[in-house]
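Scroll down for the structure; my scribbles are underneath it.
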Amino acid sequence: MTRTVRTTPKPLPTPLAMSAAPNEPTPSPLPIRPKEEAHLFKEEGRKKDGREEKVTSRPHPKPTFPTPKLRLSTLDLDHPGSNVFFSNTNPSKALSEAVDAVLSILYQPTKTNDHIPACRSVTLCLHAMGGVAYTTGSDLDGDHKEIHFSLDYINGIPSARQKDEVQGVLVHEMVHCWQWNAVGTAPGGLIEGIADFVRLKAGLSPPHWKKEGGGQWDAGYQHTGYFLEWIESTCGRGSVRKINHALKDKKYAEDDFWEQLFGKNVSLLWKEYEGSLDEEQKMTKKVESSAESHEKDRKDNAEMKEKGRKDGRSEGDESVEKDKPNDNLA
Ligand SMILES: [Zn+2]
Numbered sequence: 311m312t313r314t315v316r317t318t319p320k321p322l323p324t325p326l327a328m329s330a331a332p333n334e335p336t337p338s339p340l341p342i343r344p345k346e347e348a349h350l351f352k353e354e355g356r357k358k359d360g361r362e363e364k365v366t367s368r369p370h371p372k373p374t375f376p377t378p379k380l381r382l383s384t385l386d387l388d389h390p391g392s393n394v395f396f397s398n399t400n401p402s403k404a405l406s407e408a409v410d411a412v413l414s415i416l417y418q419p420t421k422t423n424d425h426i427p428a429c430r431s432v433t434l435c436l437h438a439m440g441g442v443a444y445t446t447g448s449d450l451d452g453d454h455k456e457i458h459f460s461l462d463y464i465n466g467i468p469s470a471r472q473k474d475e476v477q478g479v480l481v482h483e484m485v486h487c488w489q490w491n492a493v494g495t496a497p498g499g500l501i502e503g504i505a506d507f508v509r510l511k512a513g514l515s516p517p518h519w520k521k522e523g524g525g526q527w528d529a530g531y532q533h534t535g536y537f538l539e540w541i542e543s544t545c546g547r548g549s550v551r552k553i554n555h556a557l558k559d560k561k562y563a564e565d566d567f568w569e570q571l572f573g574k575n576v577s578l579l580w581k582e583y584e585g586s587l588d589e590e591q592k593m594t595k596k597v598e599s600s601a602e603s604h605e606k607d608r609k610d611n612a613e614m615k616e617k618g619r620k621d622g623r624s625e626g627d628e629s630v631e632k633d634k635p636n637d638n639l640a
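See below:
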């Protein structure tokens, strides 16, 4: 017969004692909070043998967009632009909304998302500099992007426009984190035009933007952005997605690129776009001249009323006469 000898085991060292170096500062312990129930499963009531039964089922996962790590880097908190930025913008929300806007306008999610460029993190860097903003890959890895945004520019935005202008610039720069560029051969104006097209579609176009013909189709920014918007409305929804996708792997060759996508070269598309602007401008002039003639009628009417008042007649007479329907018309 063997005898069991019971010994008290030595207490294991705590993980903290194992990992902390002797002089390393230890953060204060977290407060104890009641655990929240995780709602990972959807509950459904089902009848079985006349009895109610609770069945748990996991919903089918739908393809979703990638979710990059979002980071903020700023040291210049005493710059007046920092005060403007943080008074109007929640950076966490602003960056995540910018990612959502860009991905939903340029892509549709799939299981693998291998049609979307790799972008593992986006860091917003706020600092004093000339210009507005630029986007670059990080020094270590091109899949980690940095959006550099000028605090001097932010500080100069008129107060009524601060929130929307900051978000508009963030969306524009966020496009550069996710768009294809024909392995570096796409025209710069097309790249910038796609960025402003997305900003326009996200409802963040500034009030001074306007559609304009003349010049080159790839002059960039909103000039090209509105052209792309016209292509989207004329050649079909998703046309700009197609343009971006066609810039994925192949080098850019202008004639083939546009012919293959829309059956026409880009100069012809640009001419048609300019033609549509002429039509639009004619329509605008028509509306303006009709508004002007209406305004003239109103003034004439007011003058006649004033004259009538001076002549001793009642104030409303002229307008009653003028607006009275003709009873004789069938
Ligand atoms: Zn840009």
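Under our numbering, the residues of the sequence shown are numbered 311 to 640, in order. Glycine included, each C-beta is placed from N, C-alpha and C at the ideal position.
With DSSP as the reference, label residue i as helix, strand or coil.
i	result
Ile541	helix
Arg547	coil
Tyr417	coil
Glu456	strand
Thr534	helix
Gly585	helix
Leu579	helix
Glu569	helix
Gln591	helix
Leu387	coil
Asn423	coil
His518	coil
Asp410	helix
Ser469	helix
Ser402	helix
Would you give the residue range spanned by the beta strand (DSSP E) that residue i belongs to?
i	result
Val432	431 to 437
Gly703	Any question about residue 703 goes unanswered here, given that the chain covers just 311 to 640.
Leu380	379 to 384
Gly391	Gly391 -> not in any beta strand (DSSP E); alpha helix (DSSP H) instead, spanning 390 to 398.
Gly447	443 to 447
Candidates the options: which alpha carbon is nearest residue i's?
i	options	result
Ala556	Tyr531, Asp588, Leu510, Thr495	Thr495
Gly447	Glu483, Ser414, Gly441, Pro419	Glu483
Ile504	Pro378, His533, Pro344, Arg343	His533
Pro517	Glu542, Glu475, Thr544	Glu475
Val493	Lys574, Asp559, Asp566	Asp559
Asn465	Lys521, Leu387, Ile553	Leu387
Leu450	Gly440, Gly499, Arg430	Arg430
Leu646	Glu539, Cys487, Gly525, Leu571	In the structure displayed, the chain extends from 311 to 640; residue 646 sits before or after that span and is not available.
His645	Lys421, Lys455, Lys379	Residue 645 lies beyond the stretch modelled for the chain, which goes from 311 to 640, so this question has no answer here.
Leu571	Thr544, Arg509, Leu382	Thr544
Gly523	His389, Ala443, Gly513, Lys581	Lys581
Ala563	Pro497, Glu584, Gly440	Pro497
Val481	Thr445, Tyr463, Asp453, His454	Thr445
Trp568	Gly391, Leu538, Glu590, Pro344	Leu538
Arg547	Thr336, Tyr417, Ile467, Glu334	Tyr417
Between which two residues does the alpha helix (DSSP H) carrying residue i extend?
i	result
Tyr562	Per DSSP, Tyr562 belongs to no alpha helix (DSSP H) and is neither H nor E.
Gly478	472 to 488
Asp462	461 to 465
Just checking my contact of residue i with residue j at CB under 8 Å: how many whole Å lie between their CB atoms?
i	j	result
Pro427	Trp519	Actually they do not touch by this definition, with Cβ atoms about 27 Å apart.
Leu587	Lys521	6 Å
Thr399	His437	With a Cβ gap of about 16 Å, Thr399 and His437 do not count as contacting.
Phe507	Val576	With 8 Å as the limit, Phe507 and Val576 do not qualify as a contact, their Cβ atoms being about 15 Å apart.
Gly499	Ala529	6 Å
Leu434	Leu382	5 Å
Leu514	Gly573	Between Gly573 and Leu514 the Cβ distance is about 32 Å, and since that is not below 8 Å, they are no contact.
Ile541	Leu579	7 Å
Val432	Lys403	Not really, about 14 Å apart at Cβ, beyond 8 Å.
* Asked: Is there contact here, the stretch 456 to 463 with the stretch 387 to 402, by at least three beta-carbon pairs under 8 Å?
  -> yes
* **Meets three-Cβ-pair contact criterion under 8 Å: the stretch 411 to 423 and the stretch 368 to 377** => yes
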